[in-house]
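In what follows, a structure is listed as structure tokens, so that the remarks can point back to it.
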Amino acid sequence: MENQLPPAVTKIVKESGDVKIHTFVAPESFISNATHVIETKNQCIVIDGQFVVPYALQFREYVDAIGKPISRVYLSHGHPDHFFGIGAAFADCEIYALQETIDFIKVAGESIRDELAKGYGDFVTKTIAVPQNVITAGEETIDGVKLEHVLHKDTETEFHLSIKLPELDTYIVQDLVYSGAHIYLTKDIPHWVEILESIRDSEFSLFLPGHGEPADKKELQSNIEYLNFANSLLNAGTTAEALKAALLEKYPHLTGAGIFDIYLPRLFA
Ligand SMILES: [Zn+2]
Numbered sequence: 036m037e038n039q040l041p042p043a044v045t046k047i048v049k050e051s052g053d054v055k056i057h058t059f060v061a062p063e064s065f066i067s068n069a070t071h072v073i074e075t076k077n078q079c080i081v082i083d084g085q086f087v088v089p090y091a092l093q094f095r096e097y098v099d100a101i102g103k104p105i106s107r108v109y110l111s112h113g114h115p116d117h118f119f120g121i122g123a124a125f126a127d128c129e130i131y132a133l134q135e136t137i138d139f140i141k142v143a144g145e146s147i148r149d150e151l152a153k154g155y156g157d158f159v160t161k162t163i164a165v166p167q168n169v170i171t172a173g174e175e176t177i178d179g180v181k182l183e184h185v186l187h188k189d190t191e192t193e194f195h196l197s198i199k200l201p202e203l204d205t206y207i208v209q210d211l212v213y214s215g216a217h218i219y220l221t222k223d224i225p226h227w228v229e230i231l232e233s234i235r236d237s238e239f240s241l242f243l244p245g246h247g248e249p250a251d252k253k254e255l256q257s258n259i260e261y262l263n264f265a266n267s268l269l270n271a272g273t274t275a276e277a278l279k280a281a282l283l284e285k286y287p288h289l290t291g292a293g294i295f296d297i298y299l300p301r302l303f304a
């Protein structure tokens, strides 16, 4: 099945001294899942694990080809398009996540897997990997690179881990930002917008999203405007169909329209 799949996009997005940051973006048909590698002098640090099995395995091959051991895998949040691939391709690694994310996967991971396997079949991982290590907000230095872990509550998901790399002018924001794509909407839009505004106004200039290509501040602003527009429709009592139609009409250039079918039933439940 792998031969018929469109290719992922891989690139080095930042290079400074001994450190390189790589990104791996799945094609649009697989909601442009973006996962990243911080390559330090002696090791690789992986952020998220892709969604479907073929791209998880390709991502693992990509990381292995760098030729340095994977010291840890950070999982940003408990959505299957980020943790399924860790089960498929990174289960042998030390996996780190927020306590809330670990608890959620312990309780719900297997039933989400069962449910999605009905639709996606072999694309869905056969096993779930529960992260063994808890990460808390704060700073740490790994192989000479400073990482600052930030917990954001109630945005695209209830508990979300973002990672700042101040020495590299890079902020790994995962699903706080959908780059060039329609956004997975939740009930927490106003709070989410406040967080995006503070990130937009921060000292960073490169933002690595969980979906789509690396982003700049202009893209953050576009996300803020998209969220505000969607929120105004929701406040006015829009239906699911009308919301989808309005967003498709206003943002015809955005990719990932498949996301509507994923979040609308939940948002309007
Ligand atoms: Zn996602």
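To convert, take the position in the sequence shown, counting from 1, and add 35; that gives the numbering used here. For glycine and all other residues, C-beta sits at the position ideal for the given N, C-alpha and C.
query, result
"Residue closest to Glu174, alpha-carbon to alpha-carbon, out of Lys199, Lys188, Asp189, Ile259", "Lys199"
"Separation of His187 from Glu254, as counted between CA atoms", "19 angstroms"
"Inter-residue Cα distance where the pair is Ala172 and Gly120", "24 angstroms"
"Anticipated Cβ contact below 8 angstroms, Gly215 with Gly245, distance rounded", "In fact, because the Cβ distance is near 13 angstroms, the residues do not count as touching under 8 angstroms."
"Proximity test, Asp296 beta-carbon vs ligand 1 heavy atom, cut-off 6 angstroms", "no"
"Residue nearest to Tyr90 in terms of C-alpha spacing, selected from Leu40, Thr75, Lys55, Gly113", "Leu40"
"Contact shell at 6 angstroms, judged by CB to any heavy atom of ligand 1, ordered along the chain", "His114, Asp116, His117, Asp210, Gly245, His246"
"Rounded separation between Ile297 and Arg148 - CA only", "15 angstroms"
"Residue range of the beta strand (DSSP E) that includes Ile73", "69-74"
"Sub-7 angstroms separation of Val54 and Val185 beta-carbons", "no"
"Segments assigned alpha helix (DSSP H), at least 4 residues, entirely inside the region 177-262", "224-235"
"Stretch-stretch touch, CB-based, cutoff 8 angstroms, three pairs: the region 189-196 with the region 205-225", "yes"
"Residues sharing a beta bridge with Val44, DSSP", "Val60"
"Lys279 - DSSP class collapsed to helix/strand/coil", "helix"
"Nearest neighbour of Gln167, chosen from Asp157, Val87, Ala43, Ala132 [CA to CA]", "Ala132"
"Reduced DSSP category for Ala126 - H, G, I as helix; E, B as strand; rest coil", "coil"
"For Ile66 and Glu135, the rounded distance between their alpha carbons", "25 angstroms"
"Three or more C-beta pairs below 8 angstroms linking the region 269-284 and the region 200-207", "no"
"CA-to-CA distance, Ser267 to Thr176, given in whole angstroms", "42 angstroms"
"CB contact flag (Ala123, Val88, <7 angstroms)", "yes"
"Proximity below 7 angstroms, CB of Val159 to CB of Ala152", "yes"
"Backbone CA spacing between Leu243 and Ala277 [nearest angstrom]", "31 angstroms"
"Under 7 angstroms between C-beta atoms of Phe14 and Phe94", "Residue 14 lies beyond the residue range present for the chain, which begins at 36 and ends at 304; the question has no answer from this structure."
"Inter-residue Cα distance where the pair is Leu289 and Asn258", "11 angstroms"
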